[in-house]
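What follows is a short report on a single structure.
In our numbering, the protein residues as written are 133 to 268.
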């Protein structure tokens with residue numbers, strides 16, 4: 133059972149589970165696409181944005197770049213007991229942004245992908261601001 137302190141951050145904690153699920157989905161998409169395309173494991177994907185495999189690899193790579201920062205901010209936020217209402221909401225916005233980024237990357241919707249990335253980035257910045265404000 134979740135401790136009382138973590139219970140206040142239920143949305144934030146649940147967002148970590150959803151993000152982990154998105155990462156598993158991205159791994160499976162890359163693996164199945166690689167197998168279907170007979171891509172040699174360990175070799176770089178050299179095609180451009182016209183290739184679904186290239187876009188799937190880049191979507192996964194971008195998630196690998198964004199998630200450590202999100203996790204660091206989340207841990208910092210809980211440690212300083214930042215406002216749970218704001219953090220839960222912003223964490224869910226981040227999840228929506230990451231899911232949108234992934235789907236737009238797969239669909240080759242460049243403007244949508246950029247908007248979704250921006251939404252996720254703004255949500256992380258918001259979480260950081262709320263967390264720093266809790267220390268003042």
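A virtual CB, placed ideally from N, CA and C, is assigned to each residue, including glycine.
Identity of the residue in 263, 153, 169, 172 nearest residue 218 by Cα:
Here the closest residue by C-alpha is 263.
Residue 252 to residue 174 span [Cα, whole Å]
Straight-line Cα distance between these residues: approximately 30 Å.
Looking only at C-alpha atoms, which of 232, 157, 144 sits nearest to residue 245?
Checking every option, the nearest Cα to that of residue 245 belongs to 232.
Tell me whether residue 240 sits in a helix, a strand or coil according to DSSP, three-state version.
Three-state result, residue 240: coil.
Would you check if there are 3 or more beta carbon pairs closer than 8 Å linking the region 224-244 to the region 192-202?
Yes: at least three Cβ pairs fall under 8 Å.
Continuous alpha helix (DSSP H) assignments of at least 4 residues falling wholly in the region 145-211:
If one requires a minimum length of 4 residues, the alpha helix (DSSP H) runs lying completely within the region 145-211 are 184-211, in chain order.
Within this structure, are the beta carbons of residue 265 and residue 221 separated by less than 9 Å?
No, Cβ-Cβ distance for residue 265 and residue 221 is not below 9 Å.
Would residue 185 and residue 169 qualify as a contact pair, given that the criterion is a beta-carbon distance under 9 Å?
Contact: yes.
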